[in-house]
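Taking it in order: structure first as structure tokens, then the write-up.
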Amino acid sequence: MSLASNRRHRRANPFLTCSAPGCSTHRRHTSQFCRRHEYRRRLYGHYLGGKIDRKLVASYRQEFVDFIARKSDTPQVKAAVAIMSDVIQRGLPYRSNPGADFRLRHLRDQGVTGREALEIVGGVWLLSRREHRSLPDDNRLTYHLGLSLFRARPYPQRVSFARGKERTHYLPPGSHARRAVGEYIRRRLGVFFMRCIEAMNAEARQSQERAQTLATPFATIAEGK
1 MSLASNRRHR
11 RANPFLTCSA
21 PGCSTHRRHT
31 SQFCRRHEYR
41 RRLYGHYLGG
51 KIDRKLVASY
61 RQEFVDFIAR
71 KSDTPQVKAA
81 VAIMSDVIQR
91 GLPYRSNPGA
101 DFRLRHLRDQ
111 GVTGREALEI
121 VGGVWLLSRR
131 EHRSLPDDNR
141 LTYHLGLSLF
151 RARPYPQRVS
161 FARGKERTHY
171 LPPGSHARRA
181 VGEYIRRRLG
191 VFFMRCIEAM
201 NAEARQSQER
211 AQTLATPFAT
221 IAEGK
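Per our numbering, the very first residue in the sequence shown carries number 1; after that it's consecutive.
Okay, structure coming up:
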């Protein structure tokens with residue numbers, strides 16, 4: 001789109017309605033969505049995205065933590081921890097996203113380890129497979145992987161002064177940083193998480209079979225034999 005065409009589109013677009021079904025609000029700048037739906041798209045990866053109950057996320061994270069603890073000596077887990085340690089310590093490869101690297105340096109300075117980072121994103125991945133309605137598409141999973149990792153520690157702060165008063169502002173991560181980190185995690189660890197979930201499901205089936213076996217009555221011996 002040329003500069004002149006972009007200007008014409010920017011002038012005409014606010015008179016159109018939002019593309020979200022059922023929304024009659026006018027669009028924001030050059031976006032196809034209104035301000036509210038565009039904010040959701042940039043934050044969660046989809047215009048219908050929203051917050052996920054942190055207690056629900058914490059429960060799945062604990063399940064993944066327990067699994068990783070049982071498999072901590074396996075080469076697969078060691079390799080996954082090494083990958084997350086590398087991204088925390090060095091940032092994304094080729095300096096592809098300075099905003100993401102700034103956030104990752106903040107996590108490193110706050111003491112986030114590769115093991116902790118793996119447990120955080122692993123819990124989100126497990127949630128997406130067990131509670132499909134929470135993260136029903138790839139974009140929302142990608143953004144939430146990055147967002148959950150950045151939330152491992154409080155956001156960086158900026159201090160400003162207004163009318164002689166000191167104010168502290170938290171700096172939430174931008175949409176490009178969340179997407180870049182989420183895409184990197186999916187590209188490097190997607191297969192690993194799939195194998196983890198397969199193993200967890202197999203363990204659950206074995207536990208269920210044992211419970212059924214214990215609940216099965218003993219064979220009765222006919223009297224007189």
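For every residue, glycine included, the Cβ atom is placed at its ideal position computed from N, Cα and C.
Using the rule of at least 16 other Cβ atoms within 10 Å of the residue's Cβ for burial, across every protein chain shown, is residue i buried or exposed?
i: R178; result: buried
i: M200; result: buried
i: S24; result: exposed
i: V121; result: buried
i: A202; result: exposed
i: G182; result: buried
i: A219; result: exposed
i: A117; result: buried
Apart from the five residues just before and just after residue i, which ones in its own chain have a Cβ nearer than 6 angstroms to its Cβ?
i: H46; result: N139 and R140
i: G190; result: none
i: H106; result: P156
i: R40; result: Y47 and G49
Quick one, which of the options has its alpha-carbon nearest residue i's?
i: N13; options: G22, P21 and R35; result: R35
i: F15; options: P21, G22 and S31; result: S31
i: F193; options: L92, V81, G49 and D137; result: V81
i: Y170; options: A180, R151 and R188; result: R151
i: A79; options: R188, R40 and L126; result: R188
i: G49; options: D137, E209 and K55; result: D137
i: R195; options: Q208, T74, F33 and E116; result: T74
On the three-state DSSP scale, how would you describe residue i?
i: T216; result: coil
i: F161; result: strand
i: T142; result: helix
i: E63; result: helix
i: E232; result: Because residue 232 is not part of the residues shown, which for the chain are 1 to 225, the question remains open.
i: H46; result: coil
i: R179; result: helix
i: H26; result: strand
i: R153; result: coil
Excluding the 5 residues flanking residue i on each side, which residues of the same chain have their C-beta closer than 7 angstroms to its C-beta?
i: T168; result: Q157 and V159
i: V124; result: V57, H144, L145 and S148
i: V77; result: I68 and K71
i: P172; result: Y155
i: R42; result: S175
i: R108; result: I88 and Q89
i: I83; result: R188 and L189
Thinking C-beta only, is residue j closer than 8 angstroms to residue i?
i: R129; j: I197; result: yes
i: S85; j: G114; result: yes
i: F64; j: E131; result: no
i: Y184; j: V87; result: yes
i: S134; j: I52; result: yes
i: Q212; j: R153; result: no
i: H29; j: T17; result: no
i: Y44; j: L127; result: no
i: N97; j: A162; result: no
i: T216; j: R186; result: no
Keeping to the same chain, check which residues put their C-beta closer than 8 angstroms to that of residue i; ignore five residues upstream and five downstream.
i: A20; result: F33, C34, H37, Y47 and L48
Is there at least one Cβ from chain C nearer than 8 angstroms to residue i's Cβ?
i: Y44; result: Here chain C cannot be found, since the structure has a single protein chain.
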